[in-house]
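Read top to bottom, the protein sequences are chains Z and V.
The numbering used here applies: residue 58 is where the first sequence begins, and numbers increase by one.
The numbering used here applies: residue 58 is where the second sequence begins, and numbers increase by one.
Protein chains: 2
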Amino acid sequence: MAQAGRRPGQSETRKKLLDAARHRFAEHGYDGATVRAIAADAGVNAAMLHHFFGTKEQLFVAAMNLPVNPGDVIPDLLAGPADSIGERLVRLFLSVWNTQESRTPFLAMIRSATTNEQAATMMRQFLDRTLFTKVAEAGGIPKARVAAAAAQMIGIALLRYIVRVPPLADASDDEIVALFAPGIQLYFDGGR
Amino acid sequence: MAQAGRRPGQSETRKKLLDAARHRFAEHGYDGATVRAIAADAGVNAAMLHHFFGTKEQLFVAAMNLPVNPGDVIPDLLAGPADSIGERLVRLFLSVWNTQESRTPFLAMIRSATTNEQAATMMRQFLDRTLFTKVAEAGGIPKARVAAAAAQMIGIALLRYIVRVPPLADASDDEIVALFAPGIQLYFDGGR
C-alpha cells in the first residue's frame with residue numbers, strides 16, 4: 058500500500074536484502090555479518106542498503122520481523138522516573154508479548170537459540186550490542202545488572218507464554234507487574 | 058555395575074519401562090500419563106513399576122535423565138534460614154547447571170518445550186505438580202512467587218548457558234549469587 062508510488066524493482070530489492078540479511082546473520086552472527094556483504098549478496102551497494110533500512114541494527118530488526126526495535130525503546134525506558142523503571146520495563150515487555158503476532162518473532166529467536174549454535178551466537182551478539190551495552194551506558198548501570206533484568210524477562214516469556222505454567226499464564230498484566238517490577242527495580246537500583 | 062546381581066531380565070524391564078514412560082509423558086503430559094498405562098505398555102504390572110522406580114515423580118526424573126529430583130531438594134532448600142533461601146536456591150541451581158552432563162537433560166526439556174506443544178504441556182504439569190505446588194505448600198509461600206523465582210532461574214539458564222551472553226556467561230558462581238540472590242530472596246520474603 059505504501060509502496061504504490063515505488064518503482065516495481067524496489068520491493069524486490071527490499072526482499073532480496075532481507076533474505077540476504079537473514080542468511081548472513083544466521084551464518085556469521087550479528088557481528089560477523091557486514092552490511093557490505095549483505096548488500097553484495099543482494100546485488101546492490103551498501104548505500105542502497107542504508108537507503109532502505111538505515112543501520113545494521115534496523116536491518117536486523119526488519120530481517121527478524123521484530124515488532125519493535127529494542128534499541129528504539131531504551132530512551133523512553135530510561136527517561137522516566139528512576140524509581141519506576143522496573144514497572145515500565147515489565148509493562149513494555151508485556152505489551153510486546155501479549156499479542157501472538159508480535160511475540161512470534163521473539164519466540165522464533167528463542168527457539169532457534171536453544172536448538173542451534175549459530176542462532177545462539179546471533180542472539181548473544183544482538184542482545185549484547187544493541188540492548189545490554191546501550192542500556193548500561195545510557196543508564197549508568199553495570200551491564201551485568203541489565204543482563205539480570207533481561208534474564209528475568211526471558212524467564213517470564215518462557216513460563217507465561219511458552220510453557221504457560223499457572224499461575225503466571227493466567228495472571229493479569231497488573232498482577233505480573235506487581236509480582237516482577239520490584240525485583241527488576243532492585244537490579245537497576247543496586248547498580249546506581 | 059549395581060545391576061551385577063540382578064536377573065538378566067531386570068535391566069531389560071527397566072529399559073522398557075523408561076521407554077514407555079518417555080513415550081506416555083510426551084504423548085499425554087505429566088498428568089495424563091498413568092503409572093498403570095506405562096506399566097502395561099512395558100508388559101508388566103503397576104506393582105513392578107513401583108518396585109523399580111517408586112513414585113510417578115521418580116519415574117519421570119529417571120525417564121528424563123534428570124540429575125536431581127527437584128522434589129527431593131525442596132526440603133533442604135526450605136530447611137535453612139529463611140533469609141538466605143535466595144542464595145541457597147541460586148547455588149543449588151548453579152551446581153546442577155555448571156556441568157554439561159547434568160544440564161543436558163534440563164536443556165533438552167526447555168528445547169522441546171519451545172518447539173513442541175506436547176513437551177510444553179509435560180513441562181508445565183511437571184513444574185506445577187512437583188515443584189511449584191510443593192514449595193508453595195511446604196514454605197507457606199504463594200505459588201505465584203515460587204513461579205517468579207523459577208522464571209528468574211530459567212532466564213539465567215537461557216542467557217548464561219544457552220545463549221551465553223556476557224557478562225552472565227563469564228561471571229563466577231559467586232558473582233551470579235551476588236547478582237541474583239537478593240531478587241530471588243525478595244520473591245520469597247514478599248510472600249510471607
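C-beta atoms are modelled at their ideal positions from N, C-alpha and C, and glycine is treated no differently.
Secondary structure remark: continuous beta strand (DSSP E) runs of at least 3 residues inside the segment 99 to 187 of chain V: none found. At a Cβ-Cβ threshold of 7 Å, Pro162(V) and Met210(V) do not count as neighbours.
Counting along the chain, Asp230(V) sits inside the alpha helix (DSSP H) bounded by residues 230 to 247. When the alpha-carbon of Pro223(Z) is set against those of Asp185(V), Phe117(V), Trp154(V), the nearest one is in Asp185(V). Counting of Cβ neighbours within 10 angstroms places Gln157(V) among the exposed residues, the total staying below 16. Straight across, the Cα-Cα distance linking Arg79(V) with Ser68(V) is about 16 Å. For the C-beta of Pro224(Z), the chain V residues within less than 7 Å are, from N- to C-terminus, Lys200, Ala201, Ala204. Of the other Cβ atoms in all chains shown, fewer than 16 fall within 10 Å of the Cβ of Glu84(V); this residue is therefore exposed.
Nearest C-alpha to Arg145(V) among Asn155(V), Leu75(V), Val130(V): Val130(V). When C-beta atoms of the segment 93 to 108 of chain V are compared with those of the segment 175 to 183 of chain V, fewer than three pairs fall below 8 Å, so the two segments do not count as touching.
Taken through DSSP and simplified to helix, strand or coil, Thr91(V) comes out as coil. Ile142(Z) does not reach chain V, its nearest Cβ partner there being about 14 Å away, counting only Cβ pairs nearer than 8 Å. Only those residues of the segment 144 to 176 of chain Z whose C-beta falls short of 7 Å from the nearest C-beta of chain V are listed: Ile167, Arg168, Ala170, Thr171, Thr172. Distance check between Pro124(V) and each of Val220(V), Val101(V), Thr172(V), Val153(V) places Val153(V) closest, using alpha-carbon atoms only.
Contact between the segment 199 to 209 of chain Z and the segment 224 to 241 of chain V is established, with three or more Cβ pairs separated by less than 8 Å. A straight-line Cα-Cα distance of about 10 Å links Ala119(V) and Lys113(V). Among the CB atoms of chain Z, one or more fall inside 7 Å of the CB of Arg221(V). If you check the CB distance, Leu215(V) and Leu225(V) do not come in under 7 Å. Pairing Ile219(V) with Thr171(Z) gives a Cβ-Cβ distance under 7 Å. Under the DSSP assignment, Val203(Z) falls in the alpha helix (DSSP H) whose first and last residues are 200 to 213. The beta-carbon separation of Leu116(V) and Asp230(V), rounded to 32 Å, does not stay under the 8 Å limit for a contact.
Under the 10 Å beta carbon count, Gly89(V) is surrounded by fewer than 16 other beta carbons and is classified as exposed.
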